[in-house]
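Everything on this sheet refers to the single structure shown next.
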Amino acid sequence: MCSGRIDISLILKALELGADGVIAFGCSKGNCHYIKGNEQAEKNFDKAKEILYLLGIEPTKLKLELISPDEPWKLKETITSFITQLPNNSMTK
Ligand code: FES
């Protein structure tokens, strides 16, 4: 229900299972229904990126974007940009 509930282990598990990357969306700053869930999500993604870096895996495989419901164009733009920058992604082959 909230991006703050996306645990680091869940993010890393997706990669372990073969995902090319992991992208998640959360509410824009100040608009999380659970007050600070999006701030927690940012911390979780930052920590997951640090773990990837230490493992020698490109941290750009992970992305968290905080958007507002009145920015639907940003959703498509962000997903497209994320997919195209992924190395070995299966979507652009
Ligand atoms: S409800 Fe928490 S980020 Fe949207």
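Convert by adding 1192 to the 1-based position in the sequence shown; the result is the number in this note's numbering.
Ideal Cβ placement from N, Cα and C applies to all residues, glycine included.
Residue i to residue j span [Cα, whole Å]
i, j, result
"L1267", "A1233", "17 Å"
"A1206", "K1221", "26 Å"
"C1194", "K1239", "18 Å"
"P1261", "H1225", "13 Å"
According to DSSP, residues forming a beta bridge with residue i
i, result
"K1255", "I1215"
Selection from the options that minimises the alpha carbon distance to residue i
i, options, result
"T1270", "V1214, K1205, E1208, L1247", "V1214"
Check: residue i C-beta below 6 Å from any heavy atom of the ligand FES
i, result
"S1201", "no"
"N1230", "yes"
"Y1226", "yes"
"D1213", "Strictly speaking, residue 1213 in this sequence is Gly, with Asp absent from that position. G1213 Cβ: outside cutoff for every heavy atom of the ligand FES."
"G1218", "yes"
Residue environment, residue i, which counts as buried when at least 16 other CB atoms sit within 10 Å
i, result
"G1218", "buried"
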